[in-house]
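This report refers to the structure that appears directly beneath it.
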Amino acid sequence: TSSSFLPYTLLAKTEQNSYEDIVEGAAKSKYYKVTMVDIDELESPMPKDGVEGKTLGIPSSPSIILAQSTSDGIDLEWVDNDSRAVEYEVRRYGGDQNAIFKGVKEKRLKDIKALPGVEYSYEVIA
316 TSSSFLPYTL
326 LAKTEQNSYE
336 DIVEGAAKSK
346 YYKVTMVDID
356 ELESPMPKDG
366 VEGKTLGIPS
376 SPSIILAQST
386 SDGIDLEWVD
396 NDSRAVEYEV
406 RRYGGDQNAI
416 FKGVKEKRLK
426 DIKALPGVEY
436 SYEVIA
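Residue 438 in our numbering sits at position 123 of the sequence shown, with consecutive numbering throughout.
Here it is, written out as structure tokens:
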């Protein structure tokens, strides 16, 4: 249920000693009560208090540590501020056209489409 004050409803039955619930959104909480049913269909008492399950928060943004113009584009490098980051999206603003680089696996990017003498700003998203 979405509140610790409302009645609990059956969410799932499993023969395992674990269960994974899909919860949309970051830092969202749900409360759970677990009972056991034995081979004779006898169920254990419902616990008085529920246990809180919570999704992870949004990853922290990376920090750009290098933005350098070169003869063949702009070199960018950044550091993680969250160990959960596995890929990045880099957004370029400025010039005649903004750009988005998706699925970047490394902590660096060479923007070869950047034009000399044009001012750009970049954003890196984990």
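Where a beta carbon is used, it is the ideal one built from N, C-alpha and C, also for glycine.
Buried versus exposed call for residue i [16 or more other C-beta atoms within 10 Å across all chains shown]
i, result
"V498", "Residue 498 lies beyond the residue range present for the chain, which begins at 316 and ends at 441; the question has no answer from this structure."
"L371", "exposed"
"D426", "buried"
Rounded C-alpha distance that separates residue i from residue j
i, j, result
"Y334", "T324", "15 Å"
"T329", "L357", "15 Å"
"K420", "Y346", "36 Å"
"P431", "R399", "35 Å"
"Q383", "I389", "5 Å"
"A287", "T385", "Outside the shown range of the chain, which is 316 to 441, sits residue 287, and nothing can be said about it."
"P362", "V401", "39 Å"
"N332", "V405", "41 Å"
"G368", "S344", "6 Å"
"I415", "L326", "40 Å"
"D411", "D364", "59 Å"
Extent of the continuous beta strand (DSSP E) to which residue i belongs
i, result
"T370", "Where T370 is concerned, there is no enclosing beta strand (DSSP E), given that its DSSP letter is neither H nor E."
"D390", "G388 to V394"
"K425", "R423 to D426"
"Y435", "Y435 to I440"
"Q383", "S378 to T385"
"K417", "A414 to V419"
"Y323", "That residue, Y323, is in no beta strand (DSSP E); it is neither H nor E in DSSP."
Heavy atom of the ligand NAD within 7 Å of residue i beta-carbon
i, result
"T324", "In the structure shown, the ligand NAD is absent, as is every other ligand, since no ligand is present at all."
Report the start-end ranges of each alpha helix (DSSP H) in the stretch 330-357 that is 4 residues or longer and not cut off at the edges. none
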